[in-house]
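Start counting the sequence shown at 5; every next residue gets the next number (the numbering used here).
Scroll down for the structure; my scribbles are underneath it.
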Amino acid sequence: MLHSALINVMVKAARRAGRSLKRDLGEVEHLQVSLKGPANFVTAADKRAEEMLYTDLSKARPGYGFIGEEGGSREGADKSHTWIVDPLDGTTNFLHGIPQFAISIGLQREGVIIAGLIYNPANDELYIAERGKGAFLNDQRIRVAGRRQMESSVVACGMPHIGRGDLELSRAEMTAIQAKVAGLRRFGAASLDMAFVAAGRLDGYWERNLQPWDMAAGQIIIREAGGVVSGIAGDDDCLKTGTVVCGNEYVHGELVKMLKPLGG
Ligand code: 2AM
Ligand code: CA
């Protein structure tokens, strides 16, 4: 499968950083038994992956801006292009040796995401999309699922945890949705939840309190797979509100109808 030069740059960078994360995952598995656990080691792994991505992406596209979860934002001479990067999405999973984590790279041009990549080095699943060119999982074209009934749909969400999120609101949301769907899931890596929606594995997904780098790549991958992505208001931009709802057009609409009245 032939991809554009841009996608090749993104894939090469993600694969190199991915090899590093995969090696580190092996070490994390050993460190579980220690009293302190692998927390410091994981922070270092995360930073190392971001530096690799920054080095490779800025070498291939000099001057582009760079917003990364770890290093904050770095301006470039080219004000119209910005990489939006999460070097390790699903950090808690990674820390516990759970192989559901990913590198997420979005490219924004004049405020619009024009390319996205999500890569899970643990199982070598690589999702890519470029505007107008479709979405792919390991070179196979992907499409969102076609289900038009909530009762046969499987939907994922995020959940508050210690120090983060509104527990009561989350419970109200889950109560409303659980009663309507075939299954509710919580995988813990926003980028991969979005990738799963794009691949038709999940019918829908929603979460609050996210950051642009959790969703930038997922947004274009879902849209190029024929799906709909917004904030929880239904017509807003997830990258601006930090909330996300996605699915095929029907599931997205039904989720918004249930979630919107519960909280702003
Ligand atoms: P992270 O693993 O890179 O932190 C889990 O519900 C999802 O929310 C993950 O994709 C996680 O990304 C993301 N997230 C965003 N902000 C977070 C935060 N402050 N604490 C924990 N998870 C966060
Ligand atoms: Ca993240």
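For every residue, glycine included, the Cβ atom is placed at its ideal position computed from N, Cα and C.
Query: Tyr123: which of Leu25, Ala237, Val255 sits nearest, CA to CA?; Result: Leu25
Query: Is the beta carbon of Ala133 less than 9 Å from the beta carbon of Ala194?; Result: no
Query: Checking 9 Å against the spacing of the C-beta atoms, do Arg147 and Ala229 come in under that value?; Result: yes
Query: Is the distance from the Cβ of Gly80 to the Cβ of Gly67 below 9 Å?; Result: yes
Query: Alpha carbon to alpha carbon, what distance is there between Ala203 and Lys264?; Result: 25 Å
Query: Just the C-alpha distance for Ile102 and Ala49, rounded to the nearest angstrom, thanks.; Result: 15 Å
Query: From the DSSP output, read off the bridge partner residues of Gln36.; Result: Partner(s): none; Gln36 has no beta bridge.
Query: Do Asn252 and Gly150 have their C-beta atoms closer together than 9 Å?; Result: yes
Query: Hey, out of Glu74, His34, Val89, whose CA is closest to Leu269's CA?; Result: Nothing about residue 269 can be read from this structure; the chain reaches only from 5 to 268.
Query: In whole angstroms, what is the alpha-carbon distance linking Lys51 and Gly75?; Result: 8 Å
Query: Roughly how many whole angstroms lie between the Cα atoms of Pro164 and Gly192?; Result: 11 Å
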